[in-house]
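Accompanying notes for the structure given below.
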Amino acid sequence: MVFLKKIFVHLNLPYSVIRNQQVEIPVTVFNYGPKKISVVVYMYGVKGLCTGVKEGKKSERKRLIIEARSAATATFPIVPLKIGTFEIKVMALTTDDGDTIIRVLNVVPEGESVEVIIPITLDPTNELGRLNTNISTSTYSDSIDPDTKSQYTVIKLATPDEALAGTESFTITAKGGPFPSIVEPALENFEKFLLTPHGSGEQNIMFLSTTFYAMRYLKATGKITEEVEKRGYDLIRQGYRNQLLFKKEDGSYAVFQNTPTSTWLTAFVIRVLCQVSELIQIEEKVMSSGVRWLINNQQWDGSFVEMSHSYCENMAGGVHGKIYLTAFVFLTLEECKSEDMDHILEKDKAILYLENNFSSVNQTLAVSVVAYALFLSDRHLKEEANDRLMSVAKRDQDSNFIYWEANGQAASIEATSYALLSRILQKDMRTCNSIVNWLNTQRLQSGSFKSTQDTTIGLQALSEYAIKAPMLSIELVVDISSSADESFKKYLKFEEENAHVLQVVKVNKVDGNLLIKTTGHGIVSLEGKLRYNVITPKEKMCKFDLSVNVSELEMDTEDDDLISKIDPRSRPRQIPILGDGLHLKGAKRSKRKAVFEDSELIMNVSICVRYLGNKTTGMTIVEIGIFSGFHLDEEDLRKLQYNPKHKIERYEKSSKGLILYLKTVPNNEPYCFDFYVVRDYIVGETLRSSIKVYDHYNHVWKGQVVKEINQENGLFNITFEIDEVIQEGIEKNQQLQFETRQLFIRDKCVPMLKNKTYLIMGKDEESYTRDRGQLQRRYLLDQSSIIHPWTSIKEANNRYLQRALDSLVRHLKKESCLE
1 MVFLKKIFVH LNLPYSVIRN QQVEIPVTVF NYGPKKISVV VYMYGVKGLC TGVKEGKKSE
61 RKRLIIEARS AATATFPIVP LKIGTFEIKV MALTTDDGDT IIRVLNVVPE GESVEVIIPI
121 TLDPTNELGR LNTNISTSTY SDSIDPDTKS QYTVIKLATP DEALAGTESF TITAKGGPFP
181 SIVEPALENF EKFLLTPHGS GEQNIMFLST TFYAMRYLKA TGKITEEVEK RGYDLIRQGY
241 RNQLLFKKED GSYAVFQNTP TSTWLTAFVI RVLCQVSELI QIEEKVMSSG VRWLINNQQW
301 DGSFVEMSHS YCENMAGGVH GKIYLTAFVF LTLEECKSED MDHILEKDKA ILYLENNFSS
361 VNQTLAVSVV AYALFLSDRH LKEEANDRLM SVAKRDQDSN FIYWEANGQA ASIEATSYAL
421 LSRILQKDMR TCNSIVNWLN TQRLQSGSFK STQDTTIGLQ ALSEYAIKAP MLSIELVVDI
481 SSSADESFKK YLKFEEENAH VLQVVKVNKV DGNLLIKTTG HGIVSLEGKL RYNVITPKEK
541 MCKFDLSVNV SELEMDTEDD DLISKIDPRS RPRQIPILGD GLHLKGAKRS KRKAVFEDSE
601 LIMNVSICVR YLGNKTTGMT IVEIGIFSGF HLDEEDLRKL QYNPKHKIER YEKSSKGLIL
661 YLKTVPNNEP YCFDFYVVRD YIVGETLRSS IKVYDHYNHV WKGQVVKEIN QENGLFNITF
721 EIDEVIQEGI EKNQQLQFET RQLFIRDKCV PMLKNKTYLI MGKDEESYTR DRGQLQRRYL
781 LDQSSIIHPW TSIKEANNRY LQRALDSLVR HLKKESCLE
């Protein structure tokens, strides 16, 4: 027998909230019964969340009167005090029934995340032949004493002044061998491997290729487990199926299904599929049709040209001209070996074109790719190409780096990766070691590099190096301590049995210096990751002008058609029917006013972007953080995508907001578009969001703004004197006591009376510089702040409230929050 509960609790939390941001949690209780009921709702206290009650205790009860087969909502305000995940538990009770629900709230730090990677090779006997045994950089110092088989490393754990307190962390990862832990994460945590939005034909082939190179490395070195192997094969098959969605009938490929064919992308895809065919079955026609398309589009002189000018320049590492692309396509023809005479002849024509034009190549990336092509084909110009390649190499003897500097960081990584493949062919492992040292410093926190092509070729080169590099014996002991924390002591040991196992150390206190002593013989790749958040990230190169306007939508309340187009909740709802039926209050369109009468708010977001360079960009991505408590409308977004007047190739909804792919961004005028967002929750300080635009192939070219919705324009500027500090913020007690500060308050608030005392609780101060360069501090009071006239209990209008506030103040002097 099945029993149906009469009440049901629904708790729909936002994906994440920001630490110290007040949020009202809506709890909806459904009454499935035939009679009106009275329901009492509680929320339980949680450590780390300011809810007004202690951990595990019930909050003040909220009573709801719910009509038969209807629903009602109660809200509970909370302020997250710590970063992390917290279980929100809510209970609803009637006289004869009840329901409990638990959901997880994700609390994230304020600002933008910054990560600094500090790669260090532990090699106490200097087996890699580092020329300078004593080096010092801005982040660490390191010295090797081969005689005593000892190495001493000091890592500086200082964070910049703009780092937000409480967001800093430092983690050490270490693994035996000169090859860092880049390959294993590609399979085991691949969802985190990609930082950019995915969904294009280019990004999918990157997904497929990086997984393949990881699999090949693990299989070749015997380090693959049954579970990881199964996961890898599944990912490769999935990537192959997805890639076929971007295939044209003639065998070529495009970035998106409805965009022109790209020569570069077709060569890239076919090369990867030919490599992948050693692990899974790839239909022969898929590979041969792609190769045939490339051959059919070869020029009379043996060169290849790009068919899709919208994307080719950026995807091909920013290289202009035919030489780079011809070398790139040749590598595909060489990889996809065939006995077909046309294939052989066209490949020979391509390499002959490269030989005839190599002397005119003046771009580093093109030099590196052509040199690798000549080595791979074993042509007579390979020695000349090697001399040319090494003549443009950059060397850093202190850090034992060799690298190639091209036009931009992504192109430099790609050029260096091709150079590494060339040196591997020549079995020059000493030079390879120095190249790998530099490549390891360029990786992002995910393990990837800057863009699609440099990540793909970088991982290919590194995995090839890891397979070919000789395995050295290892017996190392690593002692780690901290100058800022005497209790912090860690001991790592690396032997033949565990050399390939990644060891992780989390540093408790990010301050002072981390002291590392390494003894023994062998090589360990150690990597320190310093993470922290900043409110405004430093942009090294702002290439976009970005403006955002947010306004509240005003409309006639009778205009149901317009409302229904914008807010899907006002459309006829699909409600589960039980007995005579269950309907939410305000669900019918005739009662649209009830839906919007309190918390509902519709905002129009208008965004304009212009490229500040000297020509129109290629593909550009706009990441739009949606205000906390708001949602996007799918129909509105589809209209944007399919409107021929717009440049929006596609859109994706992410956990944090909206991602738009723009075909191009003009440099002569702004490109503008707008859409609607609808409020779901009432969130304190919610109306603030970050909008970021960047070149898809060069993330350094970006622009960013933080937008707030200003529902009131005016601010009162009030000067006040501080009598007593109850709880310190950034400013300390001795800095504030009896000092004067500026207070800003919205003009919708009642002005404070002169010469009166107030209890003020709100956000921390912000600093600003006056005209003469003098640093000043001010405080902004907003909807999350509390202002109350402070009097004696005897003089108070509400003695009960004043007595409660007195008790609260006494508690706050001892504790950070009433929990």
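According to full-length UniProt numbering, the stretch in the sequence shown is residues 1 to 819, in order. Positions of the beta carbon are idealized from the N, C-alpha and C atoms, including for glycine.
Taken through DSSP and simplified to helix, strand or coil, Gly657 comes out as strand.
The beta-carbon distance between Val291 and Leu333, rounded to whole angstroms, is 7 Å. This is short enough to meet the 8 Å contact definition. Note on Cys672: under 16 other CB atoms within 10 angstroms of its CB, so exposed under the neighbour-count rule. Ranking Asn614, Glu795, Ile474 by CA distance to the CA of Lys149 puts Ile474 first.
In the three-state DSSP reduction, Thr75 falls in the strand class (E or B). Annotation: the continuous alpha helix (DSSP H) that includes Ala385 extends over 382-391. For Arg650, the secondary structure class from DSSP, reduced to helix, strand or coil, is strand.
For Ala92 and Arg69, the gap between their C-alpha atoms comes out near 16 Å. According to DSSP, Phe328 shares a beta bridge with no other residue. In this chain, the alpha helix (DSSP H) harbouring Leu425 covers 409-425.
Nearest C-alpha to Val107 among Glu728, Asp545, Glu87, Glu634: Glu87. According to DSSP, Gln21 shares a beta bridge with no other residue.
Each residue's CA atom was taken as its position, placing Thr100 and Pro14 some 19 Å apart. Taking all protein chains in view, the Cβ of Lys692 is crowded by 16 or more other Cβ atoms within 10 Å, so the residue is classified as buried. For Thr121, the enclosing beta strand (DSSP E) begins and ends at 112-122. Thr431: member of the alpha helix (DSSP H) spanning 429-440, first to last residue.
Counting along the chain, the unbroken alpha helix (DSSP H) around Ala267 starts and ends at 263-276. Note that the C-beta distance between Leu502 and Lys175 is below 9 Å. Thr121 and Val504 do not touch by the CB rule: their CB atoms are close to 18 Å apart, not below 8 Å. Taking the Cα positions, Glu55 is about 9 Å away from Gly48. Ranked by how close their Cα comes to the Cα of Ile78, the residues Leu131, Ile18, Pro644 have Ile18 in first place. Minimum Cα-Cα distance from Asn126 among the listed residues Asp147, Leu157, Ser138, Glu112 corresponds to Asp147. In the displayed model, Thr137 falls within coil according to three-state DSSP, outside both helix and strand. Taking the CA atoms as reference points, Tyr418 sits about 24 Å from Ile236.
Residue pairing by DSSP puts Asp545 in a beta bridge opposite Arg610. For His10, the enclosing beta strand (DSSP E) stretches over residues 7-11.
For Pro34 and Tyr661, the gap between their C-alpha atoms comes out near 50 Å.
Met341 carries a helical assignment under DSSP once its states are collapsed to helix, strand and coil.
Shown here, His788 sits in a strand according to DSSP, grouped into three states. For Asn242, the enclosing alpha helix (DSSP H) begins and ends at 226-243. Residue nearest to Lys349 within the set Arg379, Met471, Ala499 is Arg379 (criterion: CA-CA distance).
A residue is called buried once 16 or more other Cβ atoms fall within 10 Å of its Cβ, and Asp142 is buried on that count. Counting the other Cβ atoms within 10 Å of the Cβ of Asn437 gives 16 or more, which makes it buried. By the 16-neighbour rule on beta-carbons within 10 angstroms, Glu496 is exposed. Of the residues assessed, Asn296 falls on the exposed side of the cut-off, its CB having fewer than 16 other CB atoms within 10 angstroms.
When rounded, the separation of the alpha-carbon atoms in Thr620 and Glu249 is 27 Å.
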